[in-house]
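Everything on this sheet refers to the single structure shown next.
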Amino acid sequence: MTDEYYMKMALRLALRGEGWTSPNPMVGAVIVRDKQVIGRGYHRRYGEAHAEVNAINDASASVEGATFYVTLEPCSHHGKTPPCVDRIIEAKPSRVIIGTVDPNPLVSGKGIGALKKHGIETKVGVLEKQCEKLNEKFFKFMRTGMPFVTLKYAQTLDGRIASSTGHSRWISSEPSLKFAHRLRARHDAVLVGTGTVSADDPDLRVRLVRGRNPLRVVAGSILRIPHGARILDNQDIAKTLIITGPSHGSDRLSIINEKGVETLTVDVDDKGKLDMKSLLSELGERQISSVLVEGGAGIITSFVEEGLFDRIIVITAPKILGRGIEAVGDLGVSRIDDCIALKIERVRRNGEDVVTYLRRKN
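All residue numbers for the sequence shown refer to my numbering, where the first residue is 67 and numbers rise by one.
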């Protein structure tokens, strides 16, 4: 078997931690002796043992002299747990094969250096692109301090996210609703505008699948949030952060704060709209490494207009509505040549719907 074969195995293991490890990355590890896998492990949950330690603990034979495969450079600093690289060195493998270097400046290159210093043969870059892709949210956050942003919306075949009266339940099929909840569980925060809260009264928790509740973020005027909005409830289960501009109703603010909901003020642009880049920067300061933007149209348009997204996921239902609300509003584009160009990364069926994954063209 090749190094790539065992690294693919480690990548599959790492994916089991998706939605549970943030702000840590997903990591998988496999230990091989005489072409036999003797140990497997992955990082299961933030604050718990890392993949390398779990693989060593799982080993059915001595790790000494074996080959260690790990998708990301072993950590070399004290965090919630001791440095993984120390545990690997103690186990005395003959080789350590690493998928990619850790972008965290506390780690980057130091774990590799420690292994080499102790005479352990170390190879870096096996399936490197796949290993980086696995943790693209983590990599962006570590390199920029800004969260990875996914825009997600469900639309009819003629591009409407709601009827002309604002009614939108339910455009997509039941499997797509479940998929939407899975996306929430895979992001640190889910963001909507106050218009969506007022019109739809969303709860924004993870309900249809197993997973962590994201931070619920509402952006816009506090005055547009109804007193009985569900987003203000269950703060012991899922926290809510309301981000607003400098001008807001002080009476409404005190009522919201009494419910245990935190509020944050950011700058507005010359049109009075929230500065979305400042909003994302504030979330980054709070160690939010990924954000799922669920709407409404004004919020989605702002993110598209300012180029503040990394990925768009569009769920298209086989329905025609006619008049209605568009997902993306006026971008000031008058010529086709000036369109925002995207590339289709993946297309798949989900129940009756079609799900399209898109990225910006470089």
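Using N, Cα and C, we set each Cβ at its ideal position, and we do this for glycine too. The structure displayed is predicted, hence computed values, not measured ones.
Residue i, enclosing beta strand (DSSP E) - first and last residue
i, result
"residue 417", "From DSSP, residue 417 is part of no beta strand (DSSP E); its letter is neither H nor E."
"residue 94", "94-99"
"residue 220", "214-222"
"residue 255", "255-259"
"residue 163", "161-166"
"residue 138", "133-138"
"residue 285", "281-285"
"residue 106", "102-108"
"residue 228", "226-229"
N- and C-terminal bounds of the alpha helix (DSSP H) containing residue i
i, result
"residue 309", "Counting along the chain, residue 309 falls outside any alpha helix (DSSP H), though it belongs to the beta strand (DSSP E) covering 306-310."
"residue 83", "Looking at the DSSP string, residue 83 is not in any alpha helix (DSSP H), and its letter there is neither H nor E."
"residue 328", "First-last for residue 328: 328-331, but that is the beta strand (DSSP E), not the alpha helix (DSSP H)."
"residue 155", "150-157"
"residue 121", "117-124"
"residue 278", "Careful: residue 278 lies outside any alpha helix (DSSP H) and carries neither H nor E."
"residue 290", "Residue 290 -> no alpha helix (DSSP H), and no H or E assigned at all."
"residue 242", "240-251"
8 Å Cβ cutoff met for residue i and residue j
i, j, result
"residue 188", "residue 178", "yes"
"residue 305", "residue 275", "no"
"residue 327", "residue 312", "no"
"residue 88", "residue 356", "yes"
"residue 132", "residue 160", "yes"
"residue 413", "residue 216", "no"
"residue 332", "residue 344", "yes"
"residue 139", "residue 164", "yes"
"residue 99", "residue 121", "no"
"residue 390", "residue 239", "no"
"residue 330", "residue 348", "yes"
"residue 272", "residue 309", "no"
"residue 322", "residue 365", "no"
"residue 410", "residue 424", "yes"
"residue 340", "residue 261", "no"
"residue 213", "residue 354", "yes"
"residue 228", "residue 135", "no"
8 Å contact criterion, which residue i and residue j should meet: CB distance rounded
i, j, result
"residue 255", "residue 280", "5 Å"
"residue 361", "residue 259", "7 Å"
"residue 97", "residue 119", "That belief does not hold up - the Cβ atoms of residue 97 and residue 119 are roughly 12 Å apart, past 8 Å."
"residue 80", "residue 94", "3 Å"
"residue 154", "residue 181", "7 Å"
"residue 90", "residue 112", "5 Å"
"residue 381", "residue 234", "Contact doesn't hold; Cβ gap of about 12 Å is too wide."
| query | How do the stretch 399-417 and the stretch 212-224 stand: do at least 3 beta-carbon pairs fall below 8 Å, yes or no? | reply | As far as the Cβ criterion goes, the stretch 399-417 does not touch the stretch 212-224, which means the pair count is below three.
| message | Going residue by residue through the stretch 176-209, where are the continuous alpha helix (DSSP H) segments of at least 4 residues, counting only ones entirely within it? | response | Residue ranges of uninterrupted alpha helix (DSSP H) with 4 or more members, entirely inside the stretch 176-209 and ordered along the chain, are 176-183, 194-200.
| field | the stretch 361-369 in contact with the stretch 201-214 per 3-pair CB rule at 8 Å | value | In short, these stretches do not touch, since the Cβ pair count stays below three.
| request: Taking only runs that begin and end inside the stretch 345-409, name each unbroken beta strand (DSSP E) of 3 or more residues, in chain order. | output: The stretch 345-409 contains these whole beta strand (DSSP E) runs: 356-361, 377-383, 390-392.
| Touch test, the stretch 375-390 against the stretch 287-303, Cβ-Cβ under 8 Å, three pairs minimum | The stretch 375-390 makes no contact with the stretch 287-303: fewer than 3 CB pairs, one atom from each, lie closer than 8 Å.
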